[in-house]
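Chemist: Okay, handing you the structure first.
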Amino acid sequence: MKARFNARSIATLVAVMATSGVVSVAAQPARTPPRPDTPRLMVQVFGSADKKAGPEASDELRERLIRAFPSRILWVIDRKDVVMMLEQSGYDTTAQLQPSDESALAKQQRADEYIRGRISKDGEMWKAEAWLVLTRDNSLMQPIPSFSANRPDRAAAGLVKGIQDARKQIANEKACRTAAQTQKYDEAVKLADEAIAEYPNAVLVRYCKMNVLSAKKAADAELLAAAKEILEIDPNSRAALAVGADVEARMGNAKASSDYLIRLLAANPTDRELSVKVIEALASTGDFAAAKEYVSKAVSENPGDPALLSLQFKILVAAKDFKDAVKVGEEMVGIDTSLATAEYFTRIVAIFDTDSQPQKAAEAAAKATQKFSGDADLWQMYAAALKKAGQGQQSIAAAKRALEINPKIPNGWTQIAIAFNDLQMPDSALAALRMAKDAGDDVNTVGGIALNIGNGMRKAADALDAAAKKPADYQMGLPYLHFADSTATDATVKTNAAFLIGVSSYYIAQLTAQGLAASKSCDEAKIGQAAATDAMIYTQRGGRAFPENAATILGAVNQLSPYLDGQVKTLCK
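Numbering (the working numbering), first residue to last: 158 to 730.
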């Protein structure tokens with residue numbers, strides 16, 4: 158399609174035609190004027206790589222159709238009227254128009270139908286292809302059987318019979334549409350079927366039938382079958398492909414629906430909205446390779462389109478193509494800063510986090526809190542990013558800022574407790590865990606963290622040389638273990654906490670007993686006695702999960718308790 162000679166469109170030509178010397182069809186003595194209700198047909202300039210072949214083929218076909226159809230049966234619009242309209246509009250009269258311009262030209266000429274065609278060299282022969290198009294909707298096209306000959310005009314002349322046959326359905330198509338408009342659906346279907354019986358390759362009446370089935374809410378299988386009938390005749394039918402995609406989607410066949418959409422996009426490569434629909438459908442099926450291909454093409458055909466860049470960004474993230482996703486994201490927000498939303502920053506931070514780039518994740522999260530300083534969730538995200546980047550103190554500060562904005566933010570104090578523990582500040586961690594419990598954080602998560610801290614302290618005590626161990630080494634973990642036991646509701650957490658309290662208490666009792674010979678301390682004797690009692694109580698509670706270990710500890714406590722009881726009597730007079 159070559160460019161227009163000027164900016165005037167066919168739509169503006171109405172006023173021009175009113176004052177121009179358009180030759181009336183009545184001035185042509187060889188043709189009887191049509192009746193007011195006579196259908197009108199227009200032959201558009203054929204497309205061709207050969208500048209002469211296209212006009213030559215369309216002119217020949219037009220003249221042949223004028224002779225084939227009596228003027229009172231079908232009025233074929235004269236060449237001079239077509240040429241004048243093109244010239245007045247500033248179009249090249251030897252080049253094929255875009256489909257939308259063809260439709261506009263046909264409407265200005267009051268054509269009910271028009272012929273869109275193509276002529277191409279096929280070896281030593283010329284191949285003519287054509288479609289009968291309904292002016293009211295240029296997506297309703299009836300393919301005409303192609304014809305080949307040794308010259309463009311002869312090839313075009315061979316299309317006449319196919320056009321005559323195709324037009325056998327026109328009367329029934331109109332009647333079918335009229336019946337459908339008055340909701341006489343059965344009558345409409347009958348009219349369509351009659352036309353199909355007379356002309357088996359009829360597509361136009363099949364469109365009417367398909368629309369009727371949709372209007373009467375026929376079963377999806379029946380509607381899909383109607384669409385497939387059209388596609389067997391015209392594989393590029395936009396209307397049938399759209400119906401096929403919708404029906405397959407409703408039936409839960411995502412892959413089949415996507416296939417129809419891809420075919421539909423191939424037939425309408427410049428349709429931006431359709432591109433988006435296809436891309437989203439492909440992504441929903443997990444076909445990210447195809448989705449990336451189509452979104453890349455859509456972006457290249459619509460450079461700088463922020464909506465398409467946003468879609469491309471999301472597709473790349475879903476496809477785990479993180480490097481390209483970051484580049485596209487930066488381009489997107491550079492073009493339209495309003496797209497730098499909280500969701501955008503959340504995705505970018507997650508990308509860097511997943512890609513093991515904690516420092517960049519923290520930098521992106523910092524930008525998010527700068528732009529959305531009152532968003533508690535983004536401050537919490539920033540805190541997590543700082544922690545992973547090894548900036549514990551800064552992480553705590555960011556988490557506290559999130560709590561200032563929203564004191565009830567989930568896991569706010571839990572996050573701080575974890576950071577304190579990583580900084581080897583267990584007392585601060587326990588205080589934060591108590592705040593987390595009061596704030597309503599998940600008690601099993603809170604209790605589980607306390608359990609891990611207490612168990613870690615117990616292991617550290619176990620690792621000491623026997624001669625260096627002191628009761629205080631095991632006492633350090635008890636506040637965390639008791640907090641875990643009293644906080645959690647999960648049976649496993651509670652059982653483990655109880656058992657570890659029992660184990661730690663046993664070692665406190667044992668080490669205390671060993672030192673009494675030297676210390677002769679009543680207070681230490683009482684501490685050992687109480688520890689032995691706790692060892693018995695908590696080991697029995699938690700020992701169900703560790704029966705062999707529990708039996709060993711309980712046996713040792715039974716031997717140790719009489720000694721400690723005696724020491725209390727002796728030393729505490």
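Cβ coordinates follow ideal geometry from the N, Cα and C atoms, glycine included.
Using a Cβ distance threshold of 8 Å, determine whether the segment 231-240 contacts the segment 195-215, with at least three qualifying pairs required.
Modeler: yes
Chemist: Would the segment 327-345 count as touching the segment 249-256 if we require 3 or more Cβ pairs under 8 Å?
Modeler: No contact exists between the segment 327-345 and the segment 249-256.
Chemist: Could you pull the start and end residues of the alpha helix (DSSP H) that residue 549 belongs to?
Modeler: 549-562
Chemist: On the DSSP letters alone, give me the boundaries of the beta strand (DSSP E) that residue 304 sits inside.
Modeler: 298-306
Chemist: Please state whether DSSP places residue 183 in a helix, a strand or coil.
Modeler: In this prediction, residue 183 scores a pLDDT of 34, lower than 50, which makes its location untrustworthy; the coordinate-derived value is nonetheless stated afterwards. In the structure shown, residue 183 sits in a helix (DSSP, three-state: H, G or I).
Chemist: One question on the structure: do residue 415 and residue 422 come within less than 8 Å of each other, judged by their Cβ atoms?
Modeler: no
Chemist: Which first and last residues belong to the alpha helix (DSSP H) in which residue 605 is found?
Modeler: Element bounds for residue 605: 600-619.
Chemist: Whether or not the segment 638-647 and the segment 594-610 are in contact is what I'm after, with contact meaning three or more pairs of Cβ atoms, one per stretch, closer than 8 Å; do they touch?
Modeler: Yes: the two stretches touch, three or more of their Cβ pairs being nearer than 8 Å.
Chemist: Under 8 Å: do the segment 457-470 and the segment 433-445 share three or more Cβ pairs, one atom per stretch?
Modeler: yes
Chemist: Extract the residue ranges of the alpha helix (DSSP H) inside the segment 391-432, only unbroken runs of 4 or more that lie entirely within it.
Modeler: 395-407 and 411-424
Chemist: Let me confirm a value: residue 671 is counted as buried when at least 16 other C-beta atoms fall within 10 Å, else exposed. Which label applies?
Modeler: Exposed is the call here.
Chemist: List the whole-angstrom C-beta distance separating residue 658 from residue 673, where the pair is believed to meet the contact cut-off of C-beta under 8 Å.
Modeler: So it is not a contact: roughly 22 Å between Cβ atoms.
Chemist: Below 8 Å between beta carbons: does that hold for residue 668 and residue 628?
Modeler: Contact flag set, yes.
Chemist: If we call anything under 8 Å between Cβ atoms a contact, is residue 387 one with residue 408?
Modeler: no
Chemist: Excluding the five sequence neighbours on either side, which residues of its own chain have a C-beta within less than 6 Å of the C-beta of residue 424, listed in chain order?
Modeler: 393 and 395
Chemist: Do you know how far the Cα of residue 212 is from the Cα of residue 357?
Modeler: Using only the alpha carbons, I get a separation of about 31 Å.
Chemist: Looking at the unbroken beta strand (DSSP E) that takes in residue 279, where does it start and where does it end?
Modeler: 270-279
Chemist: Counting along the chain, where does the alpha helix (DSSP H) carrying residue 362 start and finish?
Modeler: 361-372
Chemist: Can you tell me which of 277, 382 and 691 puts its alpha carbon nearest to the alpha carbon of residue 309?
Modeler: 277
Chemist: Taking a contact to mean a Cβ-Cβ separation below 8 Å, would you say residue 445 touches residue 402 in this structure?
Modeler: no
Chemist: DSSP puts residue 289 in a beta bridge; with which residues?
Modeler: 272 and 299
Chemist: Just to confirm, is the Cβ distance from residue 521 to residue 506 under 8 Å?
Modeler: Result yes, Cβ atoms of residue 521 and residue 506 sit closer than 8 Å.
Chemist: Looking at the unbroken alpha helix (DSSP H) that takes in residue 740, where does it start and where does it end?
Modeler: Because residue 740 is not part of the residues shown, which for the chain are 158 to 730, the question remains open.
Chemist: Taking the Cβ atom as the reference point for each residue, do residue 562 and residue 576 lie within a distance shorter than 8 Å?
Modeler: The Cβ atoms of residue 562 and residue 576 do not sit closer than 8 Å to each other.
Chemist: Of the choices 435, 447 and 492, whose alpha-carbon is the least far from that of residue 119?
Modeler: Residue numbering for the chain in the displayed model covers 158 to 730; residue 119 lies beyond these limits and cannot be assessed.
Chemist: Is the separation between the beta-carbon of residue 728 and that of residue 682 shorter than 8 Å?
Modeler: yes
Chemist: Tell me, to the nearest whole angstrom, how far the beta carbon of residue 313 is from that of residue 254; I am working on the premise that it is less than 8 Å.
Modeler: Not quite, the Cβ-Cβ distance comes to about 17 Å (not below 8 Å), so this is no contact.
Chemist: Rounded to a whole number of angstroms, what is the C-alpha to C-alpha distance between residue 273 and residue 202?
Modeler: 7 Å
Chemist: Once the 5 residues before and after residue 488 are set aside, which same chain residues still bring their CB inside 7 Å of it?
Modeler: 466
Chemist: Considering residue 481, what are the terminal residues of the alpha helix (DSSP H) in which it resides?
Modeler: 479-492
Chemist: Do residue 221 and residue 317 have their C-beta atoms closer together than 8 Å?
Modeler: yes
Chemist: Would you tell me roughly how many angstroms separate the C-alpha atoms of residue 661 and residue 704, rounded to the nearest one?
Modeler: Straight-line Cα distance between these residues: approximately 17 Å.
Chemist: Under 8 Å, do residue 485 and residue 473 count as touching if we go by C-beta distance?
Modeler: yes
Chemist: Could you compute how far the alpha carbon of residue 588 sits from the alpha carbon of residue 574?
Modeler: 8 Å
Chemist: Give the C-beta separation of residue 319 and residue 275 to the nearest angstrom, bearing in mind that I take them to be a contact with Cβ-Cβ under 8 Å.
Modeler: Their Cβ separation, rounded to whole angstroms, is 14 Å, which puts residue 319 and residue 275 out of contact at 8 Å.
Chemist: Check each candidate in 496, 285, 374 and 651 and name the one with the smallest Cα separation from residue 311.
Modeler: 285
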